[in-house]
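Enquirer:
2 protein chains.
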Amino acid sequence: MENEPLLMLPGPVPIPMTVRAAMTRQAINHRGNEFGRIYAECTRMLRPLFGTKNEIFVLSGSGTAAMEAAVANFGEGRAIASLVNGKFGERLYRIAKRYGNAREIGSEWGEPLDIAGLERSLEEGTEVVTLVHNETSAGIRNPAEEVGRLTSKYGALLIMDGITSIGGDLVEADRWHVDVAFVGSQKCLAAPAGLSAISVSPRAWKMLCEDRPYYLDLDAYRKSASKNPMETPYTPAVPLFLALHEALIVIEKEGLTQRIERHRRLARAVRAATEAWGLALYPKIDGLHEYSNTVTAIEIPERVKDKDLRGMVKKLGIEIAGGQDRLKERIFRIGHMGAVGAPEMLSTLSAVEFSLRRAGFGVKGNGVQAACEMLV
Amino acid sequence: MENEPLLMLPGPVPIPMTVRAAMTRQAINHRGNEFGRIYAECTRMLRPLFGTKNEIFVLSGSGTAAMEAAVANFGEGRAIASLVNGKFGERLYRIAKRYGNAREIGSEWGEPLDIAGLERSLEEGTEVVTLVHNETSAGIRNPAEEVGRLTSKYGALLIMDGITSIGGDLVEADRWHVDVAFVGSQKCLAAPAGLSAISVSPRAWKMLCEDRPYYLDLDAYRKSASKNPMETPYTPAVPLFLALHEALIVIEKEGLTQRIERHRRLARAVRAATEAWGLALYPKIDGLHEYSNTVTAIEIPERVKDKDLRGMVKKLGIEIAGGQDRLKERIFRIGHMGAVGAPEMLSTLSAVEFSLRRAGFGVKGNGVQAACEMLV
Numbered sequence: 479m480e481n482e483p484l485l486m487l488p489g490p491v492p493i494p495m496t497v498r499a500a501m502t503r504q505a506i507n508h509r510g511n512e513f514g515r516i517y518a519e520c521t522r523m524l525r526p527l528f529g530t531k532n533e534i535f536v537l538s539g540s541g542t543a544a545m546e547a548a549v550a551n552f553g554e555g556r557a558i559a560s561l562v563n564g565k566f567g568e569r570l571y572r573i574a575k576r577y578g579n580a581r582e583i584g585s586e587w588g589e590p591l592d593i594a595g596l597e598r599s600l601e602e603g604t605e606v607v608t609l610v611h612n613e614t615s616a617g618i619r620n621p622a623e624e625v626g627r628l629t630s631k632y633g634a635l636l637i638m639d640g641i642t643s644i645g646g647d648l649v650e651a652d653r654w655h656v657d658v659a660f661v662g663s664q665k666c667l668a669a670p671a672g673l674s675a676i677s678v679s680p681r682a683w684k685m686l687c688e689d690r691p692y693y694l695d696l697d698a699y700r701k702s703a704s705k706n707p708m709e710t711p712y713t714p715a716v717p718l719f720l721a722l723h724e725a726l727i728v729i730e731k732e733g734l735t736q737r738i739e740r741h742r743r744l745a746r747a748v749r750a751a752t753e754a755w756g757l758a759l760y761p762k763i764d765g766l767h768e769y770s771n772t773v774t775a776i777e778i779p780e781r782v783k784d785k786d787l788r789g790m791v792k793k794l795g796i797e798i799a800g801g802q803d804r805l806k807e808r809i810f811r812i813g814h815m816g817a818v819g820a821p822e823m824l825s826t827l828s829a830v831e832f833s834l835r836r837a838g839f840g841v842k843g844n845g846v847q848a849a850c851e852m853l854v
Numbered sequence: 479m480e481n482e483p484l485l486m487l488p489g490p491v492p493i494p495m496t497v498r499a500a501m502t503r504q505a506i507n508h509r510g511n512e513f514g515r516i517y518a519e520c521t522r523m524l525r526p527l528f529g530t531k532n533e534i535f536v537l538s539g540s541g542t543a544a545m546e547a548a549v550a551n552f553g554e555g556r557a558i559a560s561l562v563n564g565k566f567g568e569r570l571y572r573i574a575k576r577y578g579n580a581r582e583i584g585s586e587w588g589e590p591l592d593i594a595g596l597e598r599s600l601e602e603g604t605e606v607v608t609l610v611h612n613e614t615s616a617g618i619r620n621p622a623e624e625v626g627r628l629t630s631k632y633g634a635l636l637i638m639d640g641i642t643s644i645g646g647d648l649v650e651a652d653r654w655h656v657d658v659a660f661v662g663s664q665k666c667l668a669a670p671a672g673l674s675a676i677s678v679s680p681r682a683w684k685m686l687c688e689d690r691p692y693y694l695d696l697d698a699y700r701k702s703a704s705k706n707p708m709e710t711p712y713t714p715a716v717p718l719f720l721a722l723h724e725a726l727i728v729i730e731k732e733g734l735t736q737r738i739e740r741h742r743r744l745a746r747a748v749r750a751a752t753e754a755w756g757l758a759l760y761p762k763i764d765g766l767h768e769y770s771n772t773v774t775a776i777e778i779p780e781r782v783k784d785k786d787l788r789g790m791v792k793k794l795g796i797e798i799a800g801g802q803d804r805l806k807e808r809i810f811r812i813g814h815m816g817a818v819g820a821p822e823m824l825s826t827l828s829a830v831e832f833s834l835r836r837a838g839f840g841v842k843g844n845g846v847q848a849a850c851e852m853l854v
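These protein sequence lines map, in sequence, to chains A and B.
Position one of the first sequence corresponds to residue 479 (my numbering), numbered consecutively onward.
Position one of the second sequence corresponds to residue 479 (my numbering), numbered consecutively onward.
#1: With A550(B) as the anchor, note down where its alpha helix (DSSP H) starts and where it stops.
#2: Classify M638(B): buried if its beta carbon has 16 or more other beta carbons within 10 angstroms, exposed otherwise.
#3: Less than 8 Å between the beta carbons of V678(B) and L694(B), yes or no?
#4: Exposed or buried, I495(A), counting other C-beta atoms within 10 Å across all chains shown (16 or more means buried)?
#5: Once DSSP output is grouped into helix, strand and coil, what is the label at T713(B)?
#6: Would you identify the three-state DSSP class for L527(A), choosing helix, strand or coil?
#7: What first and last residue would you give for the alpha helix (DSSP H) that runs through F566(B)?
#8: Provide the residue(s) that pair with G584(A) in DSSP beta bridges, ordered along the chain.
#9: Alpha carbon to alpha carbon, what distance is there between R743(A) and G765(A)?
#10: Near R749(A), which residues of its chain fall below 7 Å by C-beta distance, leaving aside the five closest residues on each side in sequence?
#11: Just mark L484(B) as buried or exposed, buried being the case when its beta carbon has 16 or more other beta carbons within 10 Å.
#12: Could one say the Cβ of G529(A) lies closer than 8 Å to chain B's Cβ atoms, at least one of them?
#13: Should F566(B) and T614(B) be called a contact, given that it needs their Cβ atoms to be closer than 8 Å?
#14: For a test of the three-state rule: what should DSSP assign to R746(B), helix, strand or coil?
#15: So the beta strand (DSSP E) R811(A) belongs to, where does it begin and stop?
#16: Quick one: which residues of the segment 706-718 of chain A get their C-beta closer than 7 Å to a C-beta of chain B? List them in chain order.
#17: Does the beta carbon of Q736(B) sit closer than 8 Å to a beta carbon anywhere in chain A?
#18: What is the C-beta distance between R627(A) and D657(A), in whole angstroms, given that I count them as a contact (C-beta under 8 Å)?
#19: So if DSSP puts F535(B) in a beta bridge, which residue, or which two residues, is it bridged to?
#20: Using 10 angstroms around the beta-carbon of Q664(B), count the other beta-carbons present and answer buried if the total reaches 16, otherwise exposed.
#21: Should the segment 515-522 of chain B be regarded as contacting the segment 539-547 of chain B, the criterion being three or more beta carbon pairs within less than 8 Å?
#22: Is it true that the segment 526-543 of chain A meets the segment 706-716 of chain B, where meeting means three or more beta-carbon pairs spaced less than 8 Å apart?
#23: Give me the Cα-Cα distance between M479(A) and G795(A), rounded to the nearest whole angstrom.
#24: CA-CA distance, R690(A) and S599(B)?
#25: With a threshold of 8 Å between beta carbons, is S540(A) in contact with chain B?
#26: What is the rounded straight-line gap between the Cα of N771(A) and the Cα of L609(A)?
#27: Suppose you measure from the CA of K783(A) to the CA of A671(B); what does that come to, to the nearest Å?
#28: Does the beta carbon of M479(B) come closer than 8 Å to any beta carbon on chain A?
#29: Could you please give the first and the last residue of the uninterrupted alpha helix (DSSP H) stretch that includes E777(A)?
#30: For N507(B), which residues in chain A fall below 7 Å Cβ to Cβ?
#31: Measuring only the C-alpha atoms, how far is S828(B) from P488(B)?
#32: Can you give me the C-alpha to C-alpha distance between E724(B) and A500(B), rounded to a whole angstrom?
#33: Does E602(A) come within less than 8 Å of chain B when only Cβ atoms are used?
#34: State the Cα-Cα distance for the pair V455(B) and L635(B), rounded to the nearest angstrom.
#35: Please report the straight-line C-alpha distance between N612(A) and N532(B), rounded to a whole angstrom.
#36: Hey, how far is the Cα of S702(A) from the Cα of M708(A)?
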């Protein structure tokens with residue numbers, strides 16, 4: 479207890495104390511051996527979370543910076559198809575329009591991606607595809623493996639946003655034929671906000687664009703990373719690197735398999751509570767698309783006001799997320815990513831159950847007890 | 479003493495403990511009241527350091543990100559003249575070439591800018607001028623006021639890099655007709671690396687380009703900053719904002735006038751020591767151009783090896799900087815920016831004096847005692 483609200487959001491998430499404490503040390507020279515070693519260890523520990531053997535770079539910028547880096551370095555002037563079924567898919571599409579000749583392959587938010595539409599666009603010569611693996615805005619996990627099968631079949635480059643899946647759910651970038659993947663620090667890694675990491679396949683390097691941005695020029699990152707000691711091309715956010723390093727040690731100690739299973743268990747617990755309460759999960763899943771394992775999106779029942787629901791939860795010291803943009807006041811979202819476990823989940827579900835009642839919803843059954851069944 | 483080397487570099491610099499400690503608190507929601515208040519207070523406390531009444535935004539990216547934001551948002555497709563007399567002037571010119579129709583108005587590193595050449599280019603229709611106020615690579619302070627007089631006379635936009643002057647030396651952006659200015663967090667502000675802040679004049683807003691980058695889109699920053707609570711468009715590097723906020727409180731407590739005078743006093747002390755030793759300052763100053771007050775560049779005497787000199791200083795626990803690129807092994811640089819005072823300066827100069835001797839240089843006089851004269 480630190481009298482801070484418990485953040486059960488799809489990022490930012492609670493940060494372990496050892497990770498925060500890593501930032502208190504005095505400034506170090508980012509052109510020295512120690513920083514080089516920390517950066518190198520970060521990339522080594524990140525690789526298994528991405529499921530890749532590719533080069534990984536840590537950018538001093540949040541997830542959106544990595545999105546832009548991916549599209550700007552590999553999509554400039556190219557035919558890009560953006561798969562969209564939520565806010566972050568839309569964001570990638572917007573960036574794609576800025577740099578390339580982009581088309582949207584859109585679905586309603588939270589509905590399955592248009593895989594047939596993707597295949598048609600690949601037949602018509604799409605060179606680069608953008609995909610959000612875990613679409614937090616709608617709580618849906620998109621079929622990265624299936625998309626990778628198609629892009630690989632047609633020889634297109636696959637850019638995958640793994641911002642809220644890498645480190646929390648299974649990601650196998652290499653096996654899935656993902657060429658460029660990226661993650662944000664303040665999501666499943668449970669590190670502070672402000673960094674992102676991006677992996678680049680040899681095939682992607684061959685497609686590196688001539689006319690790249692400056693701060694996000696991945697070729698400059700690559701050149702600096704090949705130095706000894708390893709460097710970043712421009713001044714890095716040193717304390718955030720120190721914290722990320724510590725967060726990755728925490729992850730390595732837990733073990734990736736155990737960590738993914740913990741996220742899935744928490745997700746099952748929220749879904750069990752949702753069902754017990756008589757509420758509906760928002761996303762429409764099918765055999766390929768699944769509920770997210772790192773955030774759960776739940777429909778707000780009729781007559782319940784988002785403000786009342788989340789306001790009461792906040793009074794109990796817990797922040798959950800509302801819907802964004804077109805889903806505002808239609809859904810609420812519980813994040814279960816990073817370092818949280820059963821205690822945080824049970825207090826959250828208890829507060830939600832109470833707040834649903836207070837907001838006038840006739841809760842059907844005991845969601846918290848149903849969740850416990852999933853957590854033991 | 480923390481058994482960390484004392485960083486007497488032109489950034490990163492030692493960070494006060496209260497500033498580092500600010501980062502240890504638990505993650506906060508960056509879409510909430512508290513973050514909004516912290517961001518707003520940062521911009522309020524930054525304004526006097528910039529000498530501006532303009533809007534200021536804090537970017538989650540280091541100084542180079544701010545350089546690119548300035549040029550990309552206001553220079554895309556335009557006729558840009560880049561004043562260059564050092565590494566960072568060159569960097570701005572490179573970025574200018576990426577986005578606009580850029581020409582270099584170059585001098586040798588550390589020599590006065592070609593002010594006559596600037597006026598000719600303004601006569602010929604230059605729309606945007608880039609300037610580095612304090613060129614750390616060569617230890618020279620460029621005449622921002624004079625450049626602003628000319629850009630204002632010809633109606634051109636002035637972009638000024640104040641990365642290593644703002645917060646340490648006098649900057650009067652508004653009075654000097656600077657339209658866009660920016661600072662880095664890890665320099666004179668004595669905050670951790672990873673943030674930059676940028677100010678934008680009403681005249682610059684009128685010249686905002688259509689085709690802007692995404693992560694560094696200043697119009698998006700402006701829209702988010704106008705919300706209540708104040709926000710950033712994308713996830714900010716929250717711990718760095720907390721640290722910057724604390725660093726600005728430290729500055730406010732010291733008082734800007736006192737802080738600038740302290741930096742100037744330290745600069746005079748290094749120059750007095752340099753003269754006493756019989757060494758030469760690197761930059762060529764004239765009536766308009768001055769020695770930098772935040773970093774001093776000193777010529778390495780013949781027969782002394784950079785490696786021996788800085789290596790021995792490092793053995794005494796202090797890091798000073800070498801020359802960059804074409805000035806490698808030709809100069810060494812002592813940073814005196816941020817929170818450092820007489821104790822750090824005296825230990826640094828003592829170590830340099832000892833190392834010069836050890837490296838075989840016949841030191842003429844007692845530089846440390848000469849420095850003391852300037853510091854009392």
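Ideal Cβ placement from N, Cα and C applies to all residues, glycine included.
Note that the coordinates shown come from a computational prediction; the quantities given were computed from them, not determined experimentally.
Expert: Inspection of the coordinates gives the following:
#1: Walking along the second sequence from the start, residue 550(B) turns up at place 72. Membership of A550(B) in the alpha helix (DSSP H) is indicated by the continuous run 541-553.
#2: Stepping through the second sequence from its first residue, residue 638(B) is reached at position 160. Residue environment for M638(B): buried (at least 16 other C-beta atoms within 10 angstroms of its C-beta).
#3: Within the second sequence, residue 678(B) is the residue found at index 200, counting from 1. Within the second sequence, residue 694(B) is the residue found at index 216, counting from 1. V678(B) is not a Cβ neighbour of L694(B), given a cutoff of 8 Å.
#4: As a first step, residue 495(A) is located in the first sequence; it is residue number 17 there, counting from the start. Looking at the sequence shown, residue 495(A) is not Ile but Met. The residue in question, M495(A), is exposed, as its Cβ has fewer than 16 Cβ neighbours within 10 Å.
#5: On the second sequence, position 235 is the one that residue 713(B) refers to. Note: T713(B) maps to coil in three-state DSSP.
#6: For the purposes of this step, residue 527(A) is taken as residue 49 along the first sequence, with counting starting at 1. L527(A) falls in the helix class under three-state DSSP.
#7: Numbered from 1 along the second sequence, position 88 holds the residue referred to as residue 566(B). Per DSSP, F566(B) belongs to the alpha helix (DSSP H) from 565-577.
#8: The residue labelled residue 584(A) in the question sits at position 106 within the first sequence. Partner residues in the beta bridge of G584(A), as assigned by DSSP, are V562(A).
#9: The residue labelled residue 765(A) in the question sits at position 287 within the first sequence. The residue labelled residue 743(A) in the question sits at position 265 within the first sequence. Taking the Cα positions, G765(A) is about 20 Å away from R743(A).
#10: Translated into positions along the first sequence, residue 749(A) becomes position 271. Hits under 7 Å: L759, Y769, T774.
#11: Translated into positions along the second sequence, residue 484(B) becomes position 6. Counting every other CB atom within 10 Å of its CB across the protein chains shown gives L484(B) a total of 16 or more, marking it as buried.
#12: To locate residue 529(A), count along the first sequence from 1; it is residue 51. Chain B places no beta carbon closer than 8 Å to that of G529(A), leaving this residue out of the contacts.
#13: Here residue 566(B) is taken as the residue at index 88 of the second sequence, counted from 1. Here residue 614(B) is taken as the residue at index 136 of the second sequence, counted from 1. Going by C-beta atoms, F566(B) is nearer than 8 Å to T614(B).
#14: Translated into the one-based positions of the second sequence, residue 746(B) becomes position 268. It is helical.
#15: Within the first sequence, residue 811(A) is the residue found at index 333, counting from 1. 809-813 is the extent of the beta strand (DSSP E) around R811(A).
#16: Here the close residues are Y712, T713, P714, A715, V716, P717, L718.
#17: Mapped onto the second sequence, residue 736(B) falls at position 258. No, Q736(B) does not count as interfacial toward chain A.
#18: By one-based count along the first sequence, residue 627(A) stands at place 149. By one-based count along the first sequence, residue 657(A) stands at place 179. R627(A) to D657(A), Cβ: 14 Å. No contact.
#19: Here residue 535(B) corresponds to residue number 57 of the second sequence, with the count starting at 1. Answer is I676(B).
#20: Here residue 664(B) corresponds to residue number 186 of the second sequence, with the count starting at 1. Q664(B) is buried by the Cβ-count criterion.
#21: Because the criterion of three Cβ pairs below 8 Å is not met, the segment 515-522 of chain B and the segment 539-547 of chain B do not touch.
#22: Touching, yes.
#23: To locate residue 479(A), count along the first sequence from 1; it is residue 1. To locate residue 795(A), count along the first sequence from 1; it is residue 317. Since pLDDT at M479(A) reaches only 44, below the 50 mark, its modelled position is unreliable, and no value is offered.
#24: Here the question's residue 690(A) lines up with position 212 in the first sequence. Here the question's residue 599(B) lines up with position 121 in the second sequence. If you draw a straight line from the Cα of R690(A) to the Cα of S599(B), it comes to about 28 Å.
#25: The residue you call residue 540(A) lines up with position 62 of the first sequence. S540(A) counts as touching chain B.
#26: Looking up residue 771(A) in the first sequence gives position 293. Looking up residue 609(A) in the first sequence gives position 131. Near 17 Å, if we compare the C-alpha coordinates of L609(A) and N771(A).
#27: Within the first sequence, residue 783(A) is the residue found at index 305, counting from 1. Within the second sequence, residue 671(B) is the residue found at index 193, counting from 1. If you draw a straight line from the Cα of K783(A) to the Cα of A671(B), it comes to about 42 Å.
#28: Within the second sequence, the letter at position 1 stands for residue 479(B). Any reading at M479(B) is ruled out, since the residue's pLDDT is 44, under 50, leaving its predicted position unreliable.
#29: The residue you call residue 777(A) lines up with position 299 of the first sequence. Not the alpha helix (DSSP H): E777(A) falls in the beta strand (DSSP E), residues 773-777.
#30: Position 29 of the second sequence, counting from 1, holds the residue named residue 507(B). The answer, in chain order, is L485, L487, P490, E797.
#31: Here residue 828(B) refers to the residue found at position 350 when the second sequence is read from its first residue. Here residue 488(B) refers to the residue found at position 10 when the second sequence is read from its first residue. Each residue's CA atom was taken as its position, placing S828(B) and P488(B) some 19 Å apart.
#32: Locating residue 724(B) in the second sequence gives position 246, where the first residue counts as 1. Locating residue 500(B) in the second sequence gives position 22, where the first residue counts as 1. Across the structure, E724(B) and A500(B) are spaced so that their CA atoms are roughly 7 Å apart.
#33: Against the first sequence, residue 602(A) aligns to sequence position 124. E602(A) does not count as touching chain B.
#34: In the structure as shown, chain B begins at 479 and stops at 854. Residue 455(B) is therefore absent and cannot be evaluated.
#35: On the first sequence, residue 612(A) is found 134 positions in, with the first residue counted as 1. On the second sequence, residue 532(B) is found 54 positions in, with the first residue counted as 1. Roughly 40 Å between the two C-alpha positions.
#36: In the first sequence, residue 702(A) corresponds to position 224, counting from 1. In the first sequence, residue 708(A) corresponds to position 230, counting from 1. Rounded to the nearest angstrom, the two C-alpha atoms are 6 Å apart.
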